[in-house]
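There are 2 protein chains.
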Amino acid sequence: MKNVYPAEFPASAQAAATPAASSSCVSCSMHDLCLVEGLSAPEIEKLSGMVKTRRRVRRGSYLYKAGDPFEAIYPIRAGFFKSRVLSPDGREQIIGFPMPGDVLGFDAISRGSFHSDAVALEDADVCVVPFSELESIGRQFPPLQQRVHRIISREIVRDQGLMMLLGTMRAEERIGAFLLELSRRFMRRGFSSSQFILRMTREEIGNYLGLKLETVSRTLSRLQEQGVISVEQRKMQIISHERLRVLSGVPETRQMLDMTPEGARRMAMMRMHEPWSESQSSQ
Amino acid sequence: MKNVYPAEFPASAQAAATPAASSSCVSCSMHDLCLVEGLSAPEIEKLSGMVKTRRRVRRGSYLYKAGDPFEAIYPIRAGFFKSRVLSPDGREQIIGFPMPGDVLGFDAISRGSFHSDAVALEDADVCVVPFSELESIGRQFPPLQQRVHRIISREIVRDQGLMMLLGTMRAEERIGAFLLELSRRFMRRGFSSSQFILRMTREEIGNYLGLKLETVSRTLSRLQEQGVISVEQRKMQIISHERLRVLSGVPETRQMLDMTPEGARRMAMMRMHEPWSESQSSQ
DNA sequence: CGTTGATTTGAAAGTTATCAAGGATGGTGG
DNA sequence: CCACCATCCTTGATAACTTTCAAATCAACG
Chain A
1 MKNVYPAEFP
11 ASAQAAATPA
21 ASSSCVSCSM
31 HDLCLVEGLS
41 APEIEKLSGM
51 VKTRRRVRRG
61 SYLYKAGDPF
71 EAIYPIRAGF
81 FKSRVLSPDG
91 REQIIGFPMP
101 GDVLGFDAIS
111 RGSFHSDAVA
121 LEDADVCVVP
131 FSELESIGRQ
141 FPPLQQRVHR
151 IISREIVRDQ
161 GLMMLLGTMR
171 AEERIGAFLL
181 ELSRRFMRRG
191 FSSSQFILRM
201 TREEIGNYLG
211 LKLETVSRTL
221 SRLQEQGVIS
231 VEQRKMQIIS
241 HERLRVLSGV
251 PETRQMLDMT
261 PEGARRMAMM
271 RMHEPWSESQ
281 SSQ
Chain B
1 MKNVYPAEFP
11 ASAQAAATPA
21 ASSSCVSCSM
31 HDLCLVEGLS
41 APEIEKLSGM
51 VKTRRRVRRG
61 SYLYKAGDPF
71 EAIYPIRAGF
81 FKSRVLSPDG
91 REQIIGFPMP
101 GDVLGFDAIS
111 RGSFHSDAVA
121 LEDADVCVVP
131 FSELESIGRQ
141 FPPLQQRVHR
151 IISREIVRDQ
161 GLMMLLGTMR
171 AEERIGAFLL
181 ELSRRFMRRG
191 FSSSQFILRM
201 TREEIGNYLG
211 LKLETVSRTL
221 SRLQEQGVIS
231 VEQRKMQIIS
241 HERLRVLSGV
251 PETRQMLDMT
261 PEGARRMAMM
271 RMHEPWSESQ
281 SSQ
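In order, the protein sequences belong to chains A and B.
The first sequence finishes on residue 283 if you use UniProt numbering, and the numbering steps up by one all the way, no holes.
The second sequence finishes on residue 283 if you use UniProt numbering, and the numbering steps up by one all the way, no holes.
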């Protein structure tokens with residue numbers, strides 16, 4: 001049985017909108033992806049205490065918009081976002097599809113206001129971490145400070161990868177790299193690396209990759225014809241990671257698992273649906 | 001008389017290779033661009049004390065390479081770099097052309113080793129700021145900590161701009177935006193915003209912009225025909241910032257000055273050549 | 001002055017975008 | 001429950017743009 005990232009945020013996930021008293025970083029399913037990774041118990045305690053509120057973001061609405069004053073960063077607990085920048089003449093560029101465990105908002109430190117928009121692609125739930133407090137606690141706990149720096153730096157590295165893609169790859173390579181990136185990120189979270197539901201439209205994929213939606217559609221169709229993937233609307237299945245790697249010029253090979261023990265725990269905590277590839281249970 | 005960023009780093013600039021005892025952040029010409037901007041005297045003092053060494057990098061050689069262990073960040077005192085990432089299959093993507101006042105190395109925090117190369121495009125001189133010390137001092141001086149965070153975040157914002165360019169712009173727009181970016185950065189440092197010497201080849205420009213060198217050359221020629229710029233080899237003159245802005249979709253308009261008082265001081269301190277547009281004085 | 005690397009320019013080929021039309025999907029109200 | 005609407009997706013044909021291949025020119029340097 002596969003552990004597939006779900007198509008819908010279940011209606012049963014009715015977390016309270018604001019107070020986060022019940023939740024702790026210790027029990028969070030994103031534990032080892034988020035800010036607290038590698039920290040000691042008292043440090044996690046301290047960080048946990050800082051997250052006084054959570055925020056629920058409905059599908060299609062903004063977590064923040066460019067220009068909003070910067071007060072906090074937002075580790076994602078559940079849900080899928082797109083973040084994008086708009087050029088002065090109205091062009092849009094999607095710069096990422098953040099998912100649970102990712103941390104949003106670092107671009108706002110620079111001028112004290114956001115430079116990008118974050119839009120929820122599905123109902124989402126984020127922690128609200130006031131940045132000045134985080135800086136303050138970082139001064140008391142060097143490992144936390146270092147962890148924050150690492151995570152910000154990780155964002156720079158991620159962006160460099162996207163620049164590489166946009167600057168040097170052709171359409172098929174871009175699509176391939178995109179699918180492998182999604183696959184890797186789902187796997188990292190304990191979900192299947194070989195099948196998942198795309199949360200974004202073809203147009204959003206194209207925008208992210210510097211392509212038009214028609215090109216995305218055509219390229220996906222071609223990859224399907226070649227037997228590399230199987231795609232039906234949003235349902236994506238990677239048939240051959242290896243061939244995908246070859247055609248997108250990504251030689252890295254790591255173990256590709258469908259499910260980790262961690263994943264089972266995360267799935268439960270994120271209250272995810274059953275996989276679409278299995279008979280859809282009534283629950 | 002224009003204050004043009006020079007073609008050559010003068011031979012007279014023979015700073016000692018390592019000890020930086022004589023220099024202080026207080027007197028540095030990059031003062032208000034670098035880490036210390038906005039800090040109080042004692043804070044600057046503290047930061048200054050941390051920069052125990054400087055490093056001279058000869059044209060064509062590396063400040064660091066991908067994989068090198070991360071120990072320090074490098075504010076640039078003089079010289080022009082390219083930073084680039086290499087894909088596993090050997091593709092190169094230039095991700096920036098750092099110049100004096102910029103700070104190199106933040107991508108290395110993430111995994112403790114560099115993800116990118118920094119290559120000097122001309123003889124250069126950088127400060128060596130051990131990062132663990134910087135973190136440590138940041139814990140004692142919140143304004144310094146905040147300044148560091150701002151500068152790292154600035155890098156993210158900059159990258160977002162490049163992604164926008166690579167994802168949405170056509171060749172002429174890319175070139176236009178590139179020239180305006182250079183212009184703005186030179187102006188920010190007190191140099192002419194309307195004429196400067198390109199420090200990089202057409203191929204490097206093309207790589208940065210996701211274009212082939214021939215396309216760069218053709219586009220520059222076309223812009224020259226249209227009377228928007230005047231270009232002869234590396235000598236670049238922007239004739240109409242306004243038209244450049246229109247064709248590249250960058251509506252921003254700020255004052256464009258050829259020279260600021262600050263610029264004169266900086267030019268002296270950076271030991272720059274006389275402009276190519278004036279008779280080349282013997283000095 | 002000849003060699004080497006960088007730049008310019010032309011012509012042809014290749015890739016992606018644009019324009020257009022037909023299907024599929026999901027939600028809504030009759 | 002079904003028709004209908006708005007979105008999203010697919011596919012074909014054509015156009016636009018950029019790359020590729022090729023050749024000539026230019027500049028720096030010993």
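Don't be surprised by glycine CBs; every beta carbon is placed ideally from N, CA and C.
Residue of B:ARG199, B:MET163, B:THR219, B:SER193 minimising C-alpha distance to ILE175 (chain B): Here residue 175 (chain B) refers to the residue found at position 175 of the second sequence. If we check each option's Cα against that of ILE175 (chain B), B:THR219 comes out closest.
Contact with chain B by GLU92 (chain A), beta-carbon distance below 9 Å: Stepping through the first sequence from its first residue, residue 92 (chain A) is reached at position 92. Yes, because at least one Cβ of chain B sits closer than 9 Å to the Cβ of GLU92 (chain A).
Local Cβ density within 10 Å of PHE196 (chain B), reported as buried at 16 or more and exposed below that: In the second sequence, the residue the question calls residue 196 (chain B) occupies position 196. The residue is buried, with at least 16 neighbouring Cβ atoms inside 10 Å.
Cutoff 9 Å: GLN140 (chain B) Cβ touching any chain A Cβ: Position 140 of the second sequence, counted from the start, is the residue given in the question as residue 140 (chain B). Yes, because at least one Cβ of chain A sits closer than 9 Å to the Cβ of GLN140 (chain B).
SER221 (chain A) CB to nearest heavy atom of the ligand FAD below 8 Å: The model depicted lacks the ligand FAD and carries no ligand whatsoever.
Contact under 9 Å by Cβ, MET163 (chain B) with ASP159 (chain A): For the purposes of this step, residue 163 (chain B) is taken as residue 163 along the second sequence, with counting starting at 1. For the purposes of this step, residue 159 (chain A) is taken as residue 159 along the first sequence, with counting starting at 1. If you check the CB distance, MET163 (chain B) and ASP159 (chain A) come in under 9 Å.
CB contact flag (VAL57 (chain A), CYS25 (chain A), <9 Å): As a first step, residue 57 (chain A) must be located in the first sequence, where it is residue number 57. As a first step, residue 25 (chain A) must be located in the first sequence, where it is residue number 25. Cβ distance not < 9 Å, so VAL57 (chain A) and CYS25 (chain A) don't count as in contact.
One or two residues paired with PHE141 (chain A) in a DSSP bridge: As a position in the first sequence, residue 141 (chain A) is number 141, starting the count at 1. For PHE141 (chain A), which the question treats as bridged, DSSP gives no partner whatsoever.
Among A:HIS241, A:GLN145, A:VAL231, nearest to MET187 (chain A) - alpha-carbon criterion: As a first step, residue 187 (chain A) must be located in the first sequence, where it is residue number 187. If we check each option's Cα against that of MET187 (chain A), A:HIS241 comes out closest.
Candidates A:PRO75, A:LEU121, A:PHE80, A:ARG150, of which the one nearest VAL129 (chain A) by Cα: On the first sequence, position 129 is the one that residue 129 (chain A) refers to. Comparing Cα positions, the closest option is A:PRO75.
Meets three-Cβ-pair contact criterion under 8 Å: the segment 68-88 of chain B and the segment 135-142 of chain B: no
The segment 30-43 of chain A contacting the segment 60-68 of chain A, beta-carbon criterion three pairs below 8 Å: no
CB contact check: ARG188 (chain B) to chain A, cutoff 9 Å: Looking up residue 188 (chain B) in the second sequence gives position 188. Not an interface residue.
Backbone CA spacing between GLU173 (chain B) and SER29 (chain B) [nearest angstrom]: Taking the first residue of the second sequence as position 1, residue 173 (chain B) is located at position 173. Taking the first residue of the second sequence as position 1, residue 29 (chain B) is located at position 29. Each residue's alpha carbon lies about 33 Å from the other.
Close-in-space but distant-in-sequence residues of the same chain around ALA200 (chain A) (CB under 7 Å, 5 per side omitted): On the first sequence, position 200 is the one that residue 200 (chain A) refers to. Here the sequence assigns Met to residue 200 (chain A), which means Ala is not the residue at that position. Within the same chain, MET200 (chain A) has close Cβ partners LYS82, PHE97, LEU121.
Residues of its chain near ALA177 (chain A), where Cβ-Cβ distance is below 7 Å and the 5 sequence neighbours each way are ignored: Walking along the first sequence from the start, residue 177 (chain A) turns up at place 177. The answer, listed in chain order, is LEU165, MET169, SER248, VAL250.
Segment limits, beta strand (DSSP E) that includes SER230 (chain A): Here residue 230 (chain A) refers to the residue found at position 230 of the first sequence. Its beta strand (DSSP E) spans residues 229-232.
CB contact below 9 Å: PRO100 (chain B) versus chain A: Numbered from its first residue, the second sequence carries residue 100 (chain B) at position 100. False, the Cβ-Cβ gap to chain A never drops below 9 Å.
Cβ pair GLY105 (chain B), PHE80 (chain B) closer than 9 Å: Along the second sequence, read from residue 1 onward, the residue named residue 105 (chain B) stands at position 105. Along the second sequence, read from residue 1 onward, the residue named residue 80 (chain B) stands at position 80. Not closer than 9 Å, so no.
8 Å Cβ shell around GLN226 (chain B) - same chain, five flanking residues per side excluded: Here residue 226 (chain B) refers to the residue found at position 226 when the second sequence is read from its first residue. So the qualifying residues of the chain are ARG243.
Alpha carbon of LYS235 (chain A) to alpha carbon of LEU198 (chain A), nearest angstrom: Taking the first sequence and counting its residues from 1, one reaches residue 235 (chain A) at position 235. Taking the first sequence and counting its residues from 1, one reaches residue 198 (chain A) at position 198. The alpha-carbon atoms of LYS235 (chain A) and LEU198 (chain A) are separated by roughly 6 Å.
Segment limits, beta strand (DSSP E) that includes GLN93 (chain A): The count along the first sequence starts at 1 and reaches residue 93 (chain A) at position 93. Counting along the chain, the beta strand (DSSP E) containing GLN93 (chain A) begins and ends at 92-96.
Chain-ordered residues of the segment 153-169 of chain B with a beta carbon less than 7 Å from chain A: Against chain A - using a Cβ distance shorter than 7 Å - the residues of the segment 153-169 of chain B are SER153, ARG154, GLU155, ILE156, VAL157, ASP159, GLN160, LEU162, MET163, MET164, LEU166, GLY167, THR168.
Limits of the unbroken beta strand (DSSP E) element including ARG111 (chain A): By 1-based counting over the first sequence, the position of residue 111 (chain A) is 111. Where ARG111 (chain A) is concerned, there is no enclosing beta strand (DSSP E), given that its DSSP letter is neither H nor E.
For ARG54 (chain A), the three-state DSSP class (helix, strand or coil): Here the question's residue 54 (chain A) lines up with position 54 in the first sequence. Strand, per DSSP.
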